[in-house]
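The next block holds one structure in the form of structure tokens; read it before the comments.
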Ligand SMILES: [Zn+2]
């Protein structure tokens, strides 16, 4: 079921109402693997040419201008949460058949500038989510309508009732991610990898807990975990520490310099300012491409 309402996790402002270009939900993804795939750590050659690979992969169902970011920016870390179990649904999300990050070429190229910039300071980017098909957004909405399933509450929405997530805008019927130029990311010290594997049933700790107590994400301390449905995740929340504020500013400045804007409710969510498809919400299963 889909309503004509607004957006979804990540991006109230980034998700305006527009004509629905999507199709109905598909069966659950066939992904059986983890969302975490270690990739080479950052190296001096951060500037992989976006035009270089003659074997560039394509994703069926979206324009050819979408690129697999792993091909464009192999030095980034990819921890595509919705392809695995460690997310607020506690299971792989419909539409994520592979833990891959696809973005429009302009967004991916801008991201290479971010990686170059943060690399000089000893960090690499770690990406949580990129293009998100409409069928995944529909899955979020359907999940939010089932009050009985609260298996992930302890980590992802510790202070809210599940029935509040949709009315408060944490989940909505559309997401800017479906336009292909929005992503969720953080910064990780060079040499670190992706997070340790988490599987359903493992202990959960509030995403608002201090670093060291909450899930051991390899991110620098941003004040909360990823997809933390709590005001503490607001980028400019005054209650975070000076160190956490500095870390958020580091990411924010690098992203702004490359042409991205931040969604103020979520420190991890950014959209390319000059996105090529500002009103189109795509629906295509995420795969490795072909
Ligand atoms: Zn987001």
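In our numbering, the protein residues as written are 18 to 307.
Note that beta-carbon positions come from the ideal geometry of N, C-alpha and C, so glycine has one too.
beta-carbon residue i near ligand 1 non-hydrogen atom, thresh 7 Å
{"i": "residue 283", "result": "yes"}
{"i": "residue 194", "result": "yes"}
{"i": "residue 156", "result": "no"}
{"i": "residue 103", "result": "no"}
{"i": "residue 241", "result": "no"}
{"i": "residue 146", "result": "yes"}
{"i": "residue 199", "result": "yes"}
Continuous beta strand (DSSP E) stretch holding residue i: start and end
{"i": "residue 206", "result": "199-206"}
{"i": "residue 121", "result": "119-121"}
{"i": "residue 146", "result": "140-146"}
{"i": "residue 102", "result": "Where residue 102 is concerned, there is no enclosing beta strand (DSSP E), given that its DSSP letter is neither H nor E."}
{"i": "residue 95", "result": "94-96"}
{"i": "residue 288", "result": "286-289"}
{"i": "residue 299", "result": "That residue, residue 299, is in no beta strand (DSSP E); it is neither H nor E in DSSP."}
{"i": "residue 278", "result": "277-279"}
Alpha-carbon to alpha-carbon, residue j and residue i
{"i": "residue 103", "j": "residue 291", "result": "31 Å"}
{"i": "residue 8", "j": "residue 154", "result": "Within the shown structure, residues of the chain are numbered from 18 to 307, placing residue 8 beyond reach of any answer."}
{"i": "residue 189", "j": "residue 283", "result": "15 Å"}
{"i": "residue 305", "j": "residue 75", "result": "8 Å"}
{"i": "residue 179", "j": "residue 149", "result": "22 Å"}
{"i": "residue 146", "j": "residue 247", "result": "19 Å"}
{"i": "residue 138", "j": "residue 267", "result": "10 Å"}
{"i": "residue 187", "j": "residue 251", "result": "12 Å"}
{"i": "residue 301", "j": "residue 259", "result": "41 Å"}
{"i": "residue 236", "j": "residue 197", "result": "24 Å"}
{"i": "residue 238", "j": "residue 206", "result": "11 Å"}
{"i": "residue 98", "j": "residue 202", "result": "11 Å"}
{"i": "residue 109", "j": "residue 164", "result": "19 Å"}
{"i": "residue 182", "j": "residue 193", "result": "18 Å"}
{"i": "residue 278", "j": "residue 261", "result": "19 Å"}
{"i": "residue 46", "j": "residue 169", "result": "The predicted position of residue 46 is uncertain, since its pLDDT is 31 and thus under 50; no value can be drawn from it."}
{"i": "residue 80", "j": "residue 221", "result": "39 Å"}
{"i": "residue 116", "j": "residue 307", "result": "15 Å"}
{"i": "residue 107", "j": "residue 136", "result": "32 Å"}
{"i": "residue 263", "j": "residue 159", "result": "37 Å"}
{"i": "residue 191", "j": "residue 219", "result": "30 Å"}
{"i": "residue 174", "j": "residue 271", "result": "28 Å"}
{"i": "residue 176", "j": "residue 142", "result": "29 Å"}
{"i": "residue 140", "j": "residue 269", "result": "14 Å"}
{"i": "residue 6", "j": "residue 274", "result": "Residue numbering for the chain in the displayed model covers 18 to 307; residue 6 lies beyond these limits and cannot be assessed."}
{"i": "residue 285", "j": "residue 167", "result": "24 Å"}
Element boundaries [alpha helix (DSSP H), containing residue i]
{"i": "residue 274", "result": "259-274"}
{"i": "residue 86", "result": "86-89"}
{"i": "residue 170", "result": "170-173"}
{"i": "residue 159", "result": "151-161"}
Residue i and residue j closer than 8 Å at C-beta
{"i": "residue 296", "j": "residue 223", "result": "no"}
{"i": "residue 225", "j": "residue 204", "result": "no"}
{"i": "residue 134", "j": "residue 90", "result": "no"}
{"i": "residue 234", "j": "residue 217", "result": "no"}
{"i": "residue 119", "j": "residue 83", "result": "yes"}
{"i": "residue 144", "j": "residue 96", "result": "yes"}
{"i": "residue 276", "j": "residue 125", "result": "no"}
{"i": "residue 77", "j": "residue 303", "result": "no"}
{"i": "residue 232", "j": "residue 215", "result": "yes"}
{"i": "residue 161", "j": "residue 299", "result": "no"}
{"i": "residue 253", "j": "residue 281", "result": "yes"}
{"i": "residue 100", "j": "residue 88", "result": "no"}
{"i": "residue 184", "j": "residue 289", "result": "no"}
{"i": "residue 85", "j": "residue 112", "result": "no"}
Integer-rounded CB distance, given that residue j should sit under 8 Å from residue i
{"i": "residue 129", "j": "residue 294", "result": "20 Å between Cβ atoms; not a contact."}
{"i": "residue 287", "j": "residue 199", "result": "7 Å"}
{"i": "residue 257", "j": "residue 229", "result": "Residue 257 to residue 229, Cβ: 15 Å. No contact."}
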